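Going by the working numbering, 21 is the number at position 13 of the sequence shown; the sequence numbering is gapless.
Beneath this line is the structure, given in structure tokens, with notes to follow.
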Amino acid sequence: MGSIRVGVVGTGALGSQHTRIYADMARVGLLQFSGVYDADSTRAAAIAEKFGVTVAESMEALADRCDALSVVTPT
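Written out as structure tokens, the structure is:
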């Protein structure tokens with residue numbers, strides 16, 4: 009079996025931490041990081057650039073290329 013494909017929905021304070029950790033794990037081959045999505049595309053782009061990951065054009069597009077998602081959004 010290949011590595012698990014993960015993504016992050018929500019790039020606020022906690023979502024950026026999930027992004028950082030997944031990006032680090034991807035660099036050492038523990039998983040495949042498929043990207044991030046946020047309703048605020050400017051914030052998503054800033055987080056993606058900071059951690060060297062991609063931004064999905066929609067939540068659905070991100071979900072289609074992931075096995076698991078961290079959904080880190082306000083309640």
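Think of the CB as a built atom: it goes at the ideal place given N, C-alpha and C, for glycine as much as any other residue.
This one's a predicted model, so the numbers in the text were calculated from it and none came from an experiment.
So, with DSSP's three-state summary, where would you put R13?
strand
DSSP on G18, reduced to helix/strand/coil?
coil
In terms of residues, what are the limits of the beta strand (DSSP E) holding S42?
40-45
Taking the alpha carbon of V79 as the point to measure from, which residue in I12, G18, S11 has its own alpha carbon closest?
G18
Under 6 Å: does the beta carbon of A53 sit that close to some heavy atom of the ligand ATP?
The ligand content of the structure shown is nil, which means the ligand ATP is not present either.
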